Amino acid sequence: MSMTGKSKHGLFYHWGVNIKEATEEEKKLGDSEIGSQGRLLLLVYTLFLLAEALSGTFVNVYLWKEKNDYSLIGWYNISFFIGMQITFMLSGKWVKVYNKMSCLRTGIAVSSAFYLGVLLLGKKAVSFIFPLGFVQGIGHGFFWFAFNIVLFEITNKVNRDKFNGLAGVFGSFVGMVAPLGAGYLIAKMTGMKGYYTIFAVSLGIYVCGVILSFFFKRRKSGGEFSLANTYRVYKKSKTWKRILNAMIGQGITESVFNFLIGILVFIATSNEWKVGVYTFITSGVAFFSFYLIGKFIKPKWRSTSLFWGTLLMSVSVLPLFYEVNYTTLLIMGIGISLFSPLFYIPAVSIVFDSIGRSKETAQWKVEYIIIRETGLNIGRLLSLGLFIALVTWREDALVLSGLLLAVSLAQLITWAYMRKIKV
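Reading the sequence shown from the start, the letters are residues 148 to 570 in the numbering used here.
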């Protein structure tokens, strides 16, 4: 990471200092601070992740308890990513031409509607898997589309790795605390009362996120947008063809890991509290790893970091081939948490540095974000399709362990394409 002019102020650098958002001139001079709007974006981001960490960790476990069916959970996640992709494609004009902050706000509101729907449906929710997943995907699509655009606008090449490192730190922190508390509540309450309680708390946190979003400065909008232009931008750029392929590799890994680990931990322990403890430990490791790697990594090390991050994350899966139990799952989780920042920090920064390479490329930022997310969702849907096919055939531990190893190695696709990108 480039940390030109860096000076520390506690753990979070100048977190407590009142610093203006960087002007274009300051960006050229190498300003490394994230600014007041950057801090607000981190706060809204953290609240969104807090709501997801409280409930998202246990949504798949909730579905598993209602109906022990791997493929059902796979279909829920497929509907989620389909909803997310459609939202990205259809909201491009809203974000580029009109008001991106209202898009972010809508994303938080729709995500809250998902949990409201689960609360209202109760035990019947399992019968509405596809529409519920689709609604959740729409909410995430609106939020992450606007978030990625605002992230690009308030950061620059100098401070982008810092922002991504801090985002990882805060994400890991809420990932430590929230599932632990949620797991405790669920384990202590009878029946499904604990699940309904944390879903209600998540609903309240989303409302707070919507209120905070009104403190963002109105950001410039304008220009023209069409999906046809997005395709033309993709076709004429070697860099973005590589990024699309790189994102497919990343998406293949993400989707299965994001839900299967929590289910395996619950199956191994039959205890939501232990799922919370597992998440607390692994997120704690990620917290420190994101901080240290985010602080010291430099742009020239990105390709090497991507390669070793992928390789070491894949090695972390190997204990599952001995036996799938709480101990081996914990060893794997600690390993992945320790090494994943080596992959994710440079992967995100390379994409956003490619967008901000020049004023000409920056004007297509909305189109580029759609290309990025399309690649991720193609990868996610491919691995979910493979997952459903495999669990329909066999559900034994060897098949699931082999799948986790295979999808973790898919990130080598990301490294292979990203190492050719010069930013």
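Using N, Cα and C, we set each Cβ at its ideal position, and we do this for glycine too.
Since this is a predicted model, take the numbers as computed values, not measurements.
- Tell me whether LYS270 sits in a helix, a strand or coil according to DSSP, three-state version. helix
- Own chain residues within Cβ distance below 6 Å of GLY482, not counting five before or after: SER463
- If you draw a straight line from the C-alpha of ARG504 to the C-alpha of ILE568, how long is it? 12 Å
- Task: Would you mind sorting LYS385 into buried or exposed? The rule is 16 or more other CB atoms within 10 Å of its CB.
- Result: exposed
- GLY264: which of PHE346, GLU300, GLY409 sits nearest, CA to CA? PHE346
- Task: Would you kindly work out how many angstroms separate the C-alpha atoms of VAL164 and LEU267, rounded to a whole number?
- Result: Confidence at VAL164 is low in this model, with a pLDDT of 34, below 50, so its placement is unreliable and no value can be given for it.
- Message: Just verifying my parser: in three-state terms, what is the DSSP assignment at TRP511?
- Response: coil
- Message: Threshold first: 4 residues or longer. Then list the alpha helix (DSSP H) segments lying entirely within the segment 402-431, N to C.
- Response: none
- Does the Cβ of LYS243 have 16 or more other Cβ atoms within 10 Å, making it buried, or fewer, making it exposed? buried
- State yes or no: is the C-beta of LEU467 within less than 8 Å of the C-beta of SER548? yes
- Task: Using three-state DSSP, classify ARG504 as helix, strand or coil.
- Result: coil
- Message: Excluding the 5 residues flanking SER249 on each side, which residues of the same chain have their C-beta closer than 6 Å to its C-beta?
- Response: none
- Query: In angstroms, rounded to a whole number, what distance separates the CA positions of THR638 and SER417?
  - Reply: Since the first residue shown for the chain is 148 and the last is 570, residue 638 is missing from the structure and cannot be characterised.
- By Cβ distance, which residues of its chain are closer than 7 Å to THR344, with the 5 residues on each side in sequence left out? LEU332, MET336
- Message: If contact is defined by three or more beta carbon pairs under 8 Å, each pair taking one atom from either stretch, is the segment 304-313 in contact with the segment 508-527?
- Response: no
- Boundaries (first-last residue) of the alpha helix (DSSP H) holding VAL462: 449-462
- Query: What number of angstroms, rounded off, separates the C-alpha of LEU537 from the C-alpha of LEU552?
  - Reply: 14 Å
- Exposed or buried, what is ARG307 when buried is set at 16 or more other beta-carbons lying within 10 Å of its beta-carbon? buried
- For GLY396 and TYR564, the rounded distance between their alpha carbons: 10 Å
- Task: Mark ILE358 as exposed unless 16 or more other C-beta atoms lie within 10 angstroms of its C-beta, in which case mark it buried.
- Result: exposed
- Within its chain, find whatever has a CB closer than 6 Å to the CB of TRP241; leave out the 5 residues flanking it on each side and keep chain order. CYS250
- Message: The alpha helix (DSSP H) that contains SER319, what's its start and end?
- Response: 307-335
- Item | Between the CA atoms of MET460 and PHE490 - distance to the nearest angstrom | 9 Å
- Under a three-way DSSP split, which group does SER373 fall into? coil
- Message: Please tell me whether GLY581 and ILE285 are closer than 8 Å, where the distance is taken between their beta carbons.
- Response: The structure shown has nothing for residue 581, since the chain only spans 148 to 570.
- Message: To the nearest angstrom, how far is the alpha carbon of LEU279 from that of ALA272?
- Response: 8 Å
- Skipping 5 residues on each side, what residues in its chain have a beta carbon closer than 8 Å to that of LEU529? ILE395, GLY398, ILE399
- Item | Touch test, the segment 217-233 against the segment 517-535, Cβ-Cβ under 8 Å, three pairs minimum | yes
- Query: For GLU542, which three-state DSSP category applies?
  - Reply: coil
- Query: Hey, how far is the Cα of ASN303 from the Cα of GLY431?
  - Reply: 28 Å
- Item | MET339 (DSSP reduced to helix, strand or coil) | coil
- Task: Please find out if some non-hydrogen atom of the ligand MG comes closer than 7 Å to the beta-carbon of ARG541.
- Result: Among the components of this structure there are no ligands whatsoever, and the ligand MG is therefore not found.
- Task: Check the C-beta distance from SER555 over to PHE434 and give it rounded, since I have them as a contact under 8 Å.
- Result: Their Cβ separation, rounded to whole angstroms, is 21 Å, which puts SER555 and PHE434 out of contact at 8 Å.
- Message: If you measure between the beta carbons of PHE299 and VAL282, is that distance less than 8 Å?
- Response: no
- Task: Quick one: give me the first and last residue of the alpha helix (DSSP H) that TYR217 is part of.
- Result: 217-237
- Assigned exposure category for LEU439 - 16 Cβ within 10 Å defines buried: exposed
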